[in-house]
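Numbering (UniProt numbering), first residue to last: 1 to 266. Built from N, CA and C at the ideal position, the CB exists for glycine as well. Owing to the predicted nature of the structure, the values given are computational and were not obtained by experimental measurement. Notes follow once the structure below has been shown.
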Amino acid sequence: MPQNHSLRGQIAGQSAISAVIEAQSHRAPRGRFARVFGSSPLTDEGKAHYRGAVGELLVGSILDRLGHSWDVLHGVPLGSTSLDHFAVGRAGVFALVVVNCQSAEVAFSGDDLIVAKSISGALTEARESARHVAGALSAALNAPIAVTAVLVLVEPTKVSGLLAPEDVNVLTSSQLEQWLLAAPAILSGAAVAEISGAAEANGTWPEPQSVAHEARNLTRAFVRIHHDVRTAAVRRFLWVVAALVATIFSLWAVVMILTSLVVNSG
1 MPQNHSLRGQ IAGQSAISAV IEAQSHRAPR GRFARVFGSS PLTDEGKAHY RGAVGELLVG
61 SILDRLGHSW DVLHGVPLGS TSLDHFAVGR AGVFALVVVN CQSAEVAFSG DDLIVAKSIS
121 GALTEARESA RHVAGALSAA LNAPIAVTAV LVLVEPTKVS GLLAPEDVNV LTSSQLEQWL
181 LAAPAILSGA AVAEISGAAE ANGTWPEPQS VAHEARNLTR AFVRIHHDVR TAAVRRFLWV
241 VAALVATIFS LWAVVMILTS LVVNSG
């Protein structure tokens, strides 16, 4: 079976990273004042893609730690969309969709996922992605392949659920690795290898992937953007600290002056 080396060369968050770089390419360089005071280098469009890319990169790093008995692919094409992460091991086949919830509260009820008071369709996306992956693999192997849908919430501050979906496993990024490793074995080593081969085969998925050297170029460009974002955040934090220190010093000076006036008047 011919192998899709381009798919194997995909990096975690590649589509989101590409979107960040494209969005940033239309922004004029920040001026000296903006850089000094830590103005974000991201455009409004770039911010959403950047958040998604960071979440996918984090989950990708978790999956890459699973070990040699697992096979992981990123950015699997599903037609008009792509699956964030695909994983197969003795515990089965998993389709993982990622939502970056850093610093946000999350709640779900049935198919409604609410992140920072905004409704997301990620639960439905996870279910549909698993269905598409199962259909593609089943057709490629001419045998029914069961695929488990997983929605990964990246570092939420709080998760609450009124009614958990029956066909989508909702996990936080801190739970994911242990959950996968603790899952009981349902596939043989030979079955894992067969499914892995089908997953990276050229004919399994509906459209080709970008070549691996593009991923390397994207990584270098994203690292530069990430560095600028982190530097800007640090500068904003330092200015906030400086403002607090100045405020505290000013209040102390006022108290000392008032105290001196009271003492002198006595």
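query: DSSP three-state assignment for E105, whether helix, strand or coil; result: strand
query: The alpha helix (DSSP H) enclosing I145, as first and last residue numbers; result: Looking at the DSSP string, I145 is not in any alpha helix (DSSP H), and its letter there is neither H nor E.
query: Simplified DSSP assignment, three categories, for I225; result: helix
query: Secondary structure of H213, DSSP reduced to three states; result: Note that H213 scores 44 on pLDDT, short of 50, meaning its location in the model is unreliable and no value can be drawn from it.
query: Segments of 4+ residues assigned as alpha helix (DSSP H) that fall wholly inside the UniProt domain "NERD" (51-153); result: 122-141
query: Exposure label - P2; buried when at least 16 CB within 10 Å; result: Bear in mind that the predicted position of P2 carries a pLDDT of just 48, short of 50, making it unreliable; the figure below should be weighed with that in mind. The residue is exposed, with fewer than 16 neighbouring Cβ atoms inside 10 Å.
query: Closest residue to S174 among V98, S129, L113 and M256 (Cα-Cα distance); result: V98
query: Contacting residues, own chain, Cβ-Cβ under 7 Å from V54 (five flanking each side not counted); result: N100
query: L218 versus H74: straight-line alpha-carbon distance, rounded; result: 15 Å
query: Presumed contact (8 Å Cβ cut-off) between V192 and G89, rounded CB distance; result: 6 Å
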